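Q: Dropping a structure here in structure tokens format, bear with me for questions.
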Amino acid sequence: MAKNTICLWYDKDAEAAARFYAETFPDSSVSAVHRAPSDYPSGKAGDVLTVEFTVAGIPCLGLNGGPAFKPNEAFSFQIATDDQQETDRYWNAIVGNGGQESACGWCKDKWGVSWQITPRVLTEAMGAGGDEAKRAFDAMMDMKKIDVAAIEAARRG
1 MAKNTICLWY
11 DKDAEAAARF
21 YAETFPDSSV
31 SAVHRAPSDY
41 PSGKAGDVLT
51 VEFTVAGIPC
61 LGLNGGPAFK
71 PNEAFSFQIA
81 TDDQQETDRY
91 WNAIVGNGGQ
101 ESACGWCKDK
111 WGVSWQITPR
121 VLTEAMGAGG
131 DEAKRAFDAM
141 MDMKKIDVAA
151 IEAARRG
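Numbered per the UniProt record's numbering, the sequence shown spans residues 1 to 157.
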């Protein structure tokens with residue numbers, strides 16, 4: 001296990017979530033599934049307790065901790081994309097698998113984990129500053145999934 005690992009709390013579906021992420025994002029995998037050695041408050045001996053996995057190169061641990069805590073937007077994975085096709089692929093995988101759209105490139109998967117699907121063109125526009133950043137930002141504010149062509153047009157003015 002890595003020295004620093006993100007721990008994500010799930011009600012009971014840590015393994016399903018980890019396998020979905022591994023199938024959806026490059027440089028992602030499930031490395032271990034650990035079962036509870038005895039009963040615990042939200043499960044029984046033999047239930048999946050933790051899952052070690054990697055999402056886009058980031059080591060994570062999924063904990064089936066029960067319904068006490070829910071994910072929220074205070075934590076999100078940000079996935080940089082190179083074009084509209086890649087943006088669509090990730091967005092559609094998350095939203096189309098029981099997730100939900102939000103604003104400005106944000107969406108949630110069916111387990112409640114938030115994702116920012118962020119085309120590099122938007123990040124570059126924001127980094128340029130000035131009027132270019134303002135135009136790109138204003139365009140983004142009206143979007144759910146980011147429209148790469150619209151951001152490029154806004155950058156140009």
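Ideal Cβ positions, reconstructed from N, Cα and C, are used throughout, including at glycine. Every value quoted in this text rests on a predicted model; they were computed, and no experiment measured them.
In angstroms with no decimal places, state the Cα-to-Cα distance between Gly129 and Tyr90.
A: 27 angstroms
Q: Check whether the segment 5-16 touches the segment 38-54, taking contact to mean three or more Cβ pairs, one atom from each stretch, closer than 8 angstroms.
A: yes
Q: Looking only at DSSP bridge pairs, what is Glu52 linked to?
A: Ala32, Leu61
Q: Taking Cβ to Cβ, would you say Lys108 is nearer than 8 angstroms to Gly96?
A: no
Q: For Gly57, count the other beta carbons within 10 Å of its own beta carbon; 16 or more makes it buried, fewer makes it exposed. Which is it?
A: exposed
Q: At what residues does the beta strand (DSSP E) containing Thr24 begin and finish?
A: Thr24 -> not in any beta strand (DSSP E); alpha helix (DSSP H) instead, spanning 14-24.
Q: Should Glu52 go down as buried or exposed, given a rule of 16 or more other Cβ atoms within 10 Å for buried?
A: Under this definition Glu52 is a buried residue.
Q: Taking 8 angstroms as the limit between beta carbons, can you name the residues of its chain near Thr118, skipping five residues before and five after?
A: Around Thr118: Gln78, Ile79, Ala80, Thr81, Gly105, Ile146.
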